[in-house]
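Enquirer: First residue of the sequence shown? That's 335 in our numbering, and the numbers climb one at a time after it. Take a look at the following structure, please.
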Amino acid sequence: MKTVTELRREVARACHLLYEQGFVANHEGNITCLTPDGHIIATPTAMSKMDVQEHDLLMLDRFGRKLSGTRKPFSEISMHLAVYRARTDVGAVVHAHPPFSTAFAVVGKAIEAFFLPEFVVSMGGKVPLVPFALPGSETLVKEMEPYLQDYDCLLLQNHGVIAYAGDIRTAVLRLEHCEEAAKVLFLAHCLGEPIPIPEPLVHNLLDARTKAGLGPLGRALLKRSSRK
Numbered sequence: 335m336k337t338v339t340e341l342r343r344e345v346a347r348a349c350h351l352l353y354e355q356g357f358v359a360n361h362e363g364n365i366t367c368l369t370p371d372g373h374i375i376a377t378p379t380a381m382s383k384m385d386v387q388e389h390d391l392l393m394l395d396r397f398g399r400k401l402s403g404t405r406k407p408f409s410e411i412s413m414h415l416a417v418y419r420a421r422t423d424v425g426a427v428v429h430a431h432p433p434f435s436t437a438f439a440v441v442g443k444a445i446e447a448f449f450l451p452e453f454v455v456s457m458g459g460k461v462p463l464v465p466f467a468l469p470g471s472e473t474l475v476k477e478m479e480p481y482l483q484d485y486d487c488l489l490l491q492n493h494g495v496i497a498y499a500g501d502i503r504t505a506v507l508r509l510e511h512c513e514e515a516a517k518v519l520f521l522a523h524c525l526g527e528p529i530p531i532p533e534p535l536v537h538n539l540l541d542a543r544t545k546a547g548l549g550p551l552g553r554a555l556l557k558r559s560s561r562k
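This is the structure:
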């Protein structure tokens with residue numbers, strides 16, 4: 335189990351990575367992770383991710399109330415808390431606005447990429463679209479809730495992307511994978527009609543996803559194995 339110091343370092347690094355990859359601009363995006371004692375390390379509001387350092391990070395309780403830190407919490411904490419409530423396997427949440435994924439969100443299209451084997455195994459072949467609600471609102475939380483158990487990454491209509499995982503690195507990788515699939519799908523449509531993987535083989539890939547402990551079936555399988 336990682337220490338609070340190590341987790342703070344990882345959050346700061348993830349902020350810089352989001353900025354370097356062009357996934358955030360201005361003060362966009364936010365990151366949280368759980369500490370061993372159940373508190374939440376969070377990025378501050380009104381700060382470029384390029385500039386975030388370990389000492390800028392906040393410590394919150396499980397209700398999003400600030401315990402320590404000199405800066406202010408971001409206003410979208412409610413959607414992070416919703417993820418943690420719904421998914422006990424999640425230890426980190428990353429929200430950003432990567433351009434290709436966000437373009438899909440702006441035109442109201444889910445990312446369905448059943449033409450890339452890696453995306454089917456890692457992400458289930460789809461990143462669904464959550465209907466629009468104002469950022470930071472309880473309405474947005476309610477719109478997200480039906481998707482949280484079945485997916486590890488969501489498009490937020492007219493807004494951006496939220497990804498979550500057991501640790502910060504995996505959450506960032508899921509965000510990257512979402513953006514890569516969106517980019518490939520966009521470019522493929524520029525060239526012609528994407529050719530999907532045959533359905534029987536998609537089922538094989540989804541079986542591999544489950545065996546890898548991914549998705550709701552995979553998580554259930556891991557849980558049963560851990561009880562033996």
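Cβ atoms here follow ideal geometry from the backbone N, Cα and C, with glycine treated the same way.
Just confirm the distance between the C-beta atoms of G552 and D501, as a whole number of angstroms; I'd bet it's less than 8 Å.
Expert: The pair is not a contact, with the Cβ atoms about 16 Å apart (cut-off 8 Å).
Enquirer: With K406 and T379 assumed to form a contact (beta carbons below 8 Å), what rounded beta-carbon distance in angstroms separates them?
Expert: Right, their Cβ atoms sit about 5 Å apart.
Enquirer: Output needed for I365: all residues of its chain with C-beta closer than 6 Å, excluding positions within five of it in sequence on either side, in chain order.
Expert: For I365, where only same-chain residues beyond five positions count, the Cβ hits under 6 Å are V345, A348, T377, V428.
Enquirer: Select from A430, L468, E527 the residue whose C-alpha is nearest the C-alpha of A447.
Expert: Here the closest residue by C-alpha is E527.
Enquirer: Compare the Cα-Cα distances from V475 to each of E340, V417, A516, V338 and report the closest residue.
Expert: Minimum Cα distance to V475 is reached at V417.
Enquirer: Using the beta-carbon count (16 or more within 10 Å), is V464 buried or exposed?
Expert: Classification for V464: buried.
Enquirer: In whole angstroms, what separates the C-alpha of L392 from that of T436?
Expert: If I take the Cα positions, the gap works out to 27 Å.
Enquirer: Taking C-alpha atoms, which residue in A359, L521, A554 lies nearest to D484?
Expert: Looking at the Cα atoms, A554 is the closest of the given residues.
Enquirer: To which residues does DSSP link T366 through a beta bridge?
Expert: Note: T366 sits in a beta bridge opposite A376, V427.
Enquirer: Return the CA-CA distance between S456 and G547, expressed in angstroms with no decimal places.
Expert: The straight-line gap from Cα to Cα measures roughly 10 Å.
Enquirer: Quick check: the Cα distance between D395 and H414, rounded to an integer number of angstroms?
Expert: Each residue's alpha carbon lies about 12 Å from the other.
Enquirer: For a test of the three-state rule: what should DSSP assign to K400, helix, strand or coil?
Expert: Note: K400 maps to strand in three-state DSSP.
Enquirer: Rounded to whole angstroms, what's the CA-CA distance from I531 to L525? Just pull it up for me.
Expert: C-alpha separation (whole angstroms): 18 Å.
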